[in-house]
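Remember, this note's numbering sits 1376 above the position in the sequence shown when you count from 1.
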Amino acid sequence: MRPYFLLDASPSAVSSCERTAAVIGKFIVEGETLLKAVYCSKYYGVALFRSGRLVLLAPDSPERHGTVIEGGDGNVRDVAAGDTHIVFCKEDGTVYSFGYSNKHGQLGDGTVWRNLPFEQETHAADGSDAGGKRELPRLSSPQMIIGFGGGMDGVEGHVLNGKLLQVPIVAVACGAFHTLLLTSLRNCVYACGLGVSGQLGGRRRPVLQPTFKSIRLLFGLTIRQIAAAGNHSFVLLQTGKLFAFGENLCGQLGFGSVKAVHTPRAVAFNGAVPSVEMRRPLDSSVFKSLRAAWGSAESMYFPLRVERLSPERDPNEPFIVSVWCCPTRTVLLTRTMEWLSCGLAISRGPCEIKAPTMRMDRYGPLGRWIERKEEATSFRKMQWSESVAAALKGVVPPIPLEESLMDEVLCALHVKCSNNAVVLLIRSSGESQPSHLFVQGETPGVFLVDEDGRTPLSPAPRADKLLHDHEVDDDAAEFILTEAQGIFASEAFMAIM
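Take a look at the structure:
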């Protein structure tokens, strides 16, 4: 068995974590490099390797666990998973989706169904076939979504007689029950699935939307990244400006409140209050000023007043280069290598964790001191920023970085937000350099798991935490790992291979 590092696992999920690590380790031994591992809320997950192979992770189904997912020709470029569905795109721009429930139309293929007939899998705790029978929800086969494909990155798509028939997709993102797609020209985002919280970005908030529709307000903007989790979504522009929309019960959108945002709205970082949508009825004088009379000179030059979002970023606001999120909190990275966080300030870690290093004044998963609960709903600096920047010096050139080198930095970072912690892995660029692991929040500890059992790892020595100096203190745990490629985590466990 290839050794791996265990960060957290419930007692009932230890065997599932071991079987998952065995499959991923087998592919790594064969020369593969782990790029990404995503999971549904239960039962299934997938692992994407640098070669473009997509491997199914189903530890409760020995026959299917570790099988390569087939769907069309070419290599897989990106993959994402929601609570019950998985979506991936290929290098030719095509999109495939499958899952074990589609009650909100999150697969985007035009169908709606609650579940497929169950199949019985026979397994034991050690993965053998000697255990009892348990019914697992049956996965649908990957289906290609019509209307996407027909080109590589940067290509407009397949055009016939001036009509766009196919649109290439380069990135996918999934919330709990909704899906986002980013086109190859990076100027349009498509969405489908559940939209009652505004996570689909449109004026309408449908209970189900079984086909992909473009988000009108985002059309034409140059987009860098899309992200989604739970019932909310993020869109990051090339200008460093961040838009958020959807559910906001934990303040994870960063607007300084817990009110839902139903259409894309720019996140303000300088303390300014964002503009609120106008919902009051207009009087007759205001209505006339918004719509010119038919046949007038104004109607000739301004026939339609279409609402637009400005891509320009306030010079006083940070330049965002990447976003990571989970249903309860969000983490951002700026061009100056500052880390920002917002969302749920407390964790849902088990109460029986008792470690001598735990203190009552710990920062928690947000990585900063929270004096008032309102502060958790706005993006503020995480205290591990300086420590992470120091660890990155051995991987990337000095900071600040040029735009051409930012992709190299992001490839070296692997971030995972969970219910009780935020974990950052800085992957080494060579065999001679170690990897760095930062853990912010509550975890039982980091253990090296190999054939000899579990060996606890000690964090790197750091100065004692001061009680009142919250501007300097950093209580994140830093670990030096000999070799690590990526984080694989479900709702029941978190580990590093």
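By construction, the Cβ of each residue, glycine as well, lies at the ideal position given by its N, Cα and C atoms.
Tell me which residues share the same chain as D1826 and place their Cβ nearer than 6 Å to its Cβ, disregarding the 5 neighbours each side in the sequence.
Excluding sequence positions up to five before and after D1826, its CB lies within less than 6 Å of the CB of P1379, all in the same chain and listed in chain order.
Given that a residue counts as buried once 16 or more other Cβ atoms are within 10 Å of its Cβ, and exposed if not, what is L1781?
Taking every protein chain shown into account, the CB of L1781 has fewer than 16 other CB atoms within 10 angstroms, so this residue is exposed.
According to DSSP, simplified to helix, strand and coil, what is T1396?
In this structure, T1396 counts as helix in the three-state DSSP scheme.
Given a cut-off of 7 Å, decide if G1606 and A1552 are closer than it, judged by their beta-carbon atoms.
Less than 7 Å divides the Cβ of A1552 from the Cβ of G1606.
Quick check: what's the CA-CA separation for R1711 versus A1868?
Distance between the alpha carbons of R1711 and A1868 is about 33 Å.
With the cut-off set at 7 Å, would you say L1410 and V1422 are in Cβ contact?
Not a contact, by the Cβ cut-off of 7 Å.
Does the distance from the C-beta atom of V1565 to that of L1556 stay below 7 Å?
Yes, Cβ-Cβ distance for V1565 and L1556 is below 7 Å.
Using three-state DSSP, classify T1858 as helix, strand or coil.
In this structure, T1858 counts as coil in the three-state DSSP scheme.
So, for V1488: in the same chain, excluding its five sequence neighbours on each side, which residues have a beta-carbon less than 8 Å away from its beta-carbon?
If we look at V1488 and ignore the five residues flanking it on each side, its Cβ neighbours are N1478, K1479, H1480, G1481, L1584, P1586.
Distance between beta carbons of A1604 and C1550, contact taken as under 8 Å
Contact check for C1550 and A1604: beta-carbon distance about 6 Å, within the 8 Å limit, so the pair qualifies.
Taking its Cβ as the centre, do 16 or more other Cβ atoms sit within 10 Å of L1541, making it buried, or is it exposed?
It is exposed - the Cβ of L1541 has fewer than 16 other Cβ atoms within 10 Å.
Which first and last residues belong to the alpha helix (DSSP H) in which L1768 is found?
From DSSP, the alpha helix (DSSP H) with L1768 extends over 1761-1768.
P1837, DSSP secondary structure in three states
Shown here, P1837 sits in coil according to DSSP, grouped into three states, outside any helix or strand.
Can you check DSSP and say which residues form a bridge with Y1887?
Residue coverage of the chain in this structure runs from 1377 to 1873, which leaves residue 1887 outside it and unanswerable.
Could you tell me the boundaries of the beta strand (DSSP E) in which G1616 lies?
Where G1616 is concerned, there is no enclosing beta strand (DSSP E), given that its DSSP letter is neither H nor E.
Would you kindly work out how many angstroms separate the C-alpha atoms of T1498 and S1437, rounded to a whole number?
The predicted position of T1498 is uncertain, since its pLDDT is 46 and thus under 50; a value taken from the coordinates is nonetheless stated next. The straight-line gap from Cα to Cα measures roughly 8 Å.
Using DSSP with H/G/I as helix, E/B as strand and the rest coil, what is P1687?
Residue state, collapsed to three classes: coil.
Segment limits, beta strand (DSSP E) that includes R1711:
First-last for R1711: undefined, no H or E at that position.
Name the DSSP beta bridge partners of G1622, please?
In DSSP, G1622 forms a bridge with H1608, V1637.
Can you pull the DSSP bridge partners for Y1380?
DSSP, once it has assigned bridges, lists V1825 as partnering Y1380.
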